[in-house]
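The next block holds one structure in the form of structure tokens; read it before the comments.
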Amino acid sequence: MKRAAIVFAPLALSLAACASTDVSTVNSGAAGASSARAVLLAADGSRRGEAMVTEAVDGLHVAVRAMGITPGVHAVHVHMTGTCTPPDFASAGGHWNPTARQHGKDNPAGMHMGDMPNLTAGADGTGRMEFVIAGATLRSGANAVLDADGAAIVVHAQADDNKTDPAGNAGGRIACGILSAA
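Using mature numbering (1 follows the signal peptide of the UniProt record, and there is no 0), the letters of the sequence shown correspond one by one to residues -19 to -1, 1 to 163.
Right, dumping it as structure tokens:
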């Protein structure tokens, strides 16, 4: 038994050191981080889900998981300012739009880079949405979402009609999360 402990103890310590190094690097928020995360909160501060944004060669991969929201269809957008002040989250500003377009995938003059598909919440108040924002980056270039004032992910009370400028008639903002490097 002692022999096994002597042989495996250095190996276990080496693996633990590697694991802690990897975790600190991922959580450091360094400029080179390739992902960002937002915890989605309601106006009362209760958790309503989370969003993960990962940079890839084809753009930003966005995955939103919502919970505790009204069953039905809800717009989800990237907003231009990384501030989520309740109760209405107006502090998040308008949709992230570095290409100066109009709103919606069905708008001939659209779409904002922050426009994404609707999320459908089931009877249990949970839903998921995934989307790729083509040509976008986290920190570098003209289409970087994490610019000087950051960005937020916002869930709206209603569905996005995908054409009406500036916000797709999506209704009030029911959850908001500030994107920060993961």
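By construction, the Cβ of each residue, glycine as well, lies at the ideal position given by its N, Cα and C atoms.
- Below 8 Å between beta carbons: does that hold for ILE159 and VAL59? By one-based count along the sequence shown, residue 159 stands at place 178. By one-based count along the sequence shown, residue 59 stands at place 78. Inclusion of ILE159 and VAL59 in the CB contact set at 8 Å is not warranted, their separation being larger than that value.
- May I ask you to report which of helix, strand or coil DSSP gives SER72? Translated into the one-based positions of the sequence shown, residue 72 becomes position 91. Here DSSP, grouped into helix, strand and coil, assigns SER72 to helix.
- Around the C-beta of GLY63, are 16 or more other C-beta atoms found within 10 angstroms, so that it is buried, or is it exposed? Numbered from its first residue, the sequence shown carries residue 63 at position 82. When all chains shown are included, GLY63 counts as buried.
- Message: Residues in the same chain with beta-carbon distance under 6 Å from ASP146, minus the five sequence neighbours each way, listed in chain order, please.
- Response: Taking the sequence shown and counting its residues from 1, one reaches residue 146 at position 165. These residues qualify, in order along the chain: GLN83, HIS84.
- Item | Beta-carbon contacts of THR35 that lie in its chain and below 6 Å, excluding the five residues immediately before and after | The residue you call residue 35 lines up with position 54 of the sequence shown. The answer, listed in chain order, is SER16, HIS42.
- Along the chain, where does the beta strand (DSSP E) that runs through CYS157 open and close? Counting from 1 along the sequence shown, the entry for residue 157 is found at position 176. Segment 154 to 159, the beta strand (DSSP E) holding CYS157.
- Query: Hey, ALA162 and LEU127 are a contact pair by Cβ (cut 8 Å); roughly how many whole angstroms apart?
  - Reply: As a position in the sequence shown, residue 162 is number 181, starting the count at 1. As a position in the sequence shown, residue 127 is number 146, starting the count at 1. About 7 Å separates the two Cβ atoms, so the contact holds.
- Who are the Cβ neighbours of HIS93 in its own chain at under 7 Å, not counting the five residues just before and after it? As a working note, residue 93 is residue 112 in the sequence shown. Result list for HIS93: HIS76, TRP77, ASN78, ARG82, HIS84, in chain order.
- Write down the C-beta distance between GLY40 and GLY95 rounded to the nearest angstrom, noting that I regard them as a contact closer than 8 Å. Translated into positions along the sequence shown, residue 40 becomes position 59. Translated into positions along the sequence shown, residue 95 becomes position 114. Their Cβ separation, rounded to whole angstroms, is 13 Å, which puts GLY40 and GLY95 out of contact at 8 Å.
- List the endpoints of the continuous beta strand (DSSP E) containing THR101. As a first step, residue 101 is located in the sequence shown; it is residue number 120 there, counting from the start. Segment 100 to 102, the beta strand (DSSP E) holding THR101.
- Task: Express the C-alpha separation of ALA44 and ALA109 in angstroms, rounding to a whole number.
- Result: In the sequence shown, the residue the question calls residue 109 occupies position 128. In the sequence shown, the residue the question calls residue 44 occupies position 63. Per the sequence presented here, residue 109 reads as Arg, with Ala not at that position. A direct Cα-to-Cα measurement between ARG109 and ALA44 gives close to 7 Å.
- Query: With distances taken between CB atoms, is the gap from ALA104 to PRO67 smaller than 8 Å?
  - Reply: As a working mapping, residue 104 is identified with position 123 in the sequence shown. As a working mapping, residue 67 is identified with position 86 in the sequence shown. No, Cβ-Cβ distance for ALA104 and PRO67 is not below 8 Å.
- Short check: CB of MET48 to CB of GLY106, under 8 Å? Locating residue 48 in the sequence shown gives position 67, counting from the first residue. Locating residue 106 in the sequence shown gives position 125, counting from the first residue. Cβ distance < 8 Å, so MET48 and GLY106 count as in contact.
- Query: For ALA148, which three-state DSSP category applies?
  - Reply: Taking the sequence shown and counting its residues from 1, one reaches residue 148 at position 167. The answer is coil: DSSP assigns ALA148 none of H, G, I, E or B.
- Query: When DSSP labels each residue in this structure, what does VAL38 get in the three-state scheme?
  - Reply: By 1-based counting over the sequence shown, the position of residue 38 is 57. In the three-state reduction of the DSSP assignment, VAL38 falls in the coil class, being assigned neither a helical nor a strand state.
- Item | Residue span of the beta strand (DSSP E) that contains HIS137, given as start and end | For the purposes of this step, residue 137 is taken as residue 156 along the sequence shown, with counting starting at 1. Taken as a continuous stretch (DSSP letters only), the beta strand (DSSP E) holding HIS137 covers 133 to 137.
- Message: Using only the alpha-carbon positions, how far apart do THR80 and ARG120 sit?
- Response: Mapped onto the sequence shown, residue 80 falls at position 99. Mapped onto the sequence shown, residue 120 falls at position 139. C-alpha separation (whole angstroms): 16 Å.
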